[in-house]
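Reading through the structure tokens given below for one structure.
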Amino acid sequence: MRASSLTLAFAPLSALAQGINITETNEVDLANGTGNLGWGATDLPFGYSAGVGFNFAENEIGGGFNGAVPGQAEGAFGCGYTVNSTNVVLGLGATLGNQSIGVEVVQDKTTGAVKVVVNGKEVTL
Numbered sequence: 004m005r006a007s008s009l010t011l012a013f014a015p016l017s018a019l020a021q022g023i024n025i026t027e028t029n030e031v032d033l034a035n036g037t038g039n040l041g042w043g044a045t046d047l048p049f050g051y052s053a054g055v056g057f058n059f060a061e062n063e064i065g066g067g068f069n070g071a072v073p074g075q076a077e078g079a080f081g082c083g084y085t086v087n088s089t090n091v092v093l094g095l096g097a098t099l100g101n102q103s104i105g106v107e108v109v110q111d112k113t114t115g116a117v118k119v120v121v122n123g124k125e126v127t128l
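Each residue of the sequence shown is one higher than the one before, starting from 4 at the first, in our numbering.
As structure tokens, this is what we get:
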């Protein structure tokens, strides 16, 4: 087992030697209390791309992550969140084998009610 773990650990090293493109967004306005921070990478091993971001504004913060094979519907995943004065929203989306799923969980901060939506249809808890 140990040898196979080492083999797997070293298997992607040749793929990691390729050039990886990294982008960064850094827009912060301290006077207005707003900002967008984000990082992305393309040409990752196995053809994947990934990104992560964080946004904030008056009375709201949010962020998320995604990873995918560009231009292909066989492998993509993303998740994110938003928190503001009225609710908390968590979202998750994926495409696997040309099938897509989207899940959103919303909590109303005033009433405490939680709503779950799967592919656009509310699910009873």
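Beta carbons: idealized from backbone N, C-alpha and C, even for Gly.
As assigned by DSSP and simplified to three states, the class of residue i
i: residue 115; result: coil
i: residue 78; result: strand
i: residue 108; result: strand
i: residue 100; result: coil
i: residue 56; result: strand
i: residue 22; result: coil
i: residue 94; result: strand
i: residue 41; result: strand
i: residue 50; result: helix
i: residue 27; result: strand
i: residue 71; result: strand
i: residue 61; result: coil
Whether residue i touches residue j by CB criterion (9 Å)
i: residue 100; j: residue 82; result: no
i: residue 70; j: residue 54; result: yes
i: residue 109; j: residue 92; result: yes
i: residue 41; j: residue 56; result: yes
i: residue 39; j: residue 24; result: no
i: residue 50; j: residue 73; result: yes
Contacts around residue i, its chain only, beta-carbon distance under 6 Å, and the 5 residues preceding and following it disregarded
i: residue 111; result: 90
i: residue 60; result: 37
Neighbourhood of residue i by C-beta distance below 7 Å, restricted to the same chain and skipping five residues each side
i: residue 87; result: 62, 63
i: residue 85; result: 63, 65, 92
Residue of the options minimising C-alpha distance to residue i
i: residue 104; options: 116, 27, 113, 123; result: 123
i: residue 26; options: 32, 34, 35, 46; result: 46
i: residue 58; options: 32, 80, 52, 73; result: 32
Any C-beta of chain C under 9 Å from that of residue i
i: residue 94; result: In the structure shown, chain C does not exist; there is a single protein chain.
Residue i CB to nearest heavy atom of the ligand PLP below 8 Å
i: residue 47; result: What this structure holds is no ligand at all, so the ligand PLP is not there to describe.
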